[in-house]
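Residues in the sequence shown are numbered from 0 upward in steps of one, following numbering that gives the first Met the number 0. Even for Gly, the Cβ is constructed at its ideal location relative to N, Cα and C. This one's a predicted model, so the numbers in the text were calculated from it and none came from an experiment. Let me begin by presenting the structure, written as structure tokens, before commenting on it.
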Amino acid sequence: MALLTSCQHTFQNVTAYDDAVNDVAALQVSVRECYSEITKTSSDILSTVRETYLQKTELQSIQQDFQSSITQNSKEIRMDFTSITNEIKGNVAANQELLEEYIRFKGALIELGKVGNAFTAELSNKELAFKENGQKIAYISNNSLVITNAEIRNKLSLGNDTRGWFDFIPRANGNLSIKWRDPTS
Numbered sequence: 000m001a002l003l004t005s006c007q008h009t010f011q012n013v014t015a016y017d018d019a020v021n022d023v024a025a026l027q028v029s030v031r032e033c034y035s036e037i038t039k040t041s042s043d044i045l046s047t048v049r050e051t052y053l054q055k056t057e058l059q060s061i062q063q064d065f066q067s068s069i070t071q072n073s074k075e076i077r078m079d080f081t082s083i084t085n086e087i088k089g090n091v092a093a094n095q096e097l098l099e100e101y102i103r104f105k106g107a108l109i110e111l112g113k114v115g116n117a118f119t120a121e122l123s124n125k126e127l128a129f130k131e132n133g134q135k136i137a138y139i140s141n142n143s144l145v146i147t148n149a150e151i152r153n154k155l156s157l158g159n160d161t162r163g164w165f166d167f168i169p170r171a172n173g174n175l176s177i178k179w180r181d182p183t184s
């Protein structure tokens with residue numbers, strides 16, 4: 000009986016040992032499969048990056064030709080454009096001109112301007128305004144054009160096609176003529 004118990008105990012140890020060896024073998028297969036998947040995924044990522052992104056030298060070349068930046072805060076979204084134009088003749092460095100222009104989005108307002116220039120244009124849902132040093136000098140709103148100061152070079156006409164026209168025409172001698180123009184003519 001003792002011999003039988005000893006044989007059963009030895010048989011159980013051999014079975015446990017075989018199970019452990021089988022488990023280790025299965026674990027080795029799983030590790031190899033995972034490693035293979037990681038290698039494949041790594042290759043896919045590198046391939047995608049090569050197809051999607053520019054080389055550093057290409058990006059630097061594009062940045063030299065055209066630069067833009069978009070900034071946003073609680074009051075506005077601003078797009079700054081910087082372009083560099085090269086003259087064909089002469090010294091390239093001496094002939095470069097830096098142009099900085101911008102478009103700002105402030106809620107329902109769009110502002111157009113150039114850095115260092117006193118003049119801007121603002122388009123809102125109420126008007127199109129032209130400003131000099133921040134002061135409104137002209138605007139169009141509600142079917143009216145309002146101008147702080149105006150110079151008419153040749154002729155000013157007031158009226159319409161139905162009622163006729165008054166033409167204000169400067170003369171060569173410095174006088175001003177007012178002529179009626181019939182709508183039928």
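Distance from the Cα of residue 117 is smallest, within the candidate group 181, 41, 130, for 130. For the set 155, 181, 74, the Cα lying nearest the Cα of residue 110 is the one of 74. Residue range 163-169 is occupied by the beta strand (DSSP E) that includes residue 166. Residue 166 is positioned such that its CB atom lies closer than 7 Å to that of residue 180. Residue 77 has its alpha-carbon roughly 45 Å from the corresponding atom of residue 36. According to the DSSP assignment, residue 151 belongs to no beta strand (DSSP E), since it is labelled neither H nor E.
Within its own chain, the residues whose Cβ lies closer than 8 Å to the Cβ of residue 163, once the five positions on either side in sequence are excluded, are 179, 180, 181, 182, listed in chain order. The three-state secondary structure of residue 42, taken from DSSP, is helix. Scanning 104, 157, 39, 17 for the CA closest to the CA of residue 124 turns up 104. Residue 128 places its beta carbon less than 7 Å from that of residue 138. For residue 174, there is no enclosing beta strand (DSSP E), as DSSP marks it with neither H nor E.
Take the alpha-carbon of residue 108 and the one of residue 146: they are about 20 Å apart. For residue 20, the three-state secondary structure derived from DSSP is helix.
Of 28, 106, 19, the smallest CA-CA separation from residue 72 is found for 106. In this structure, residue 168 and residue 154 form a Cβ contact; the two beta carbons are roughly 5 Å apart against a cut-off of 8 Å. Each residue's CA atom was taken as its position, placing residue 42 and residue 24 some 27 Å apart. Going by C-alpha positions, residue 30 is about 26 Å away from residue 47.
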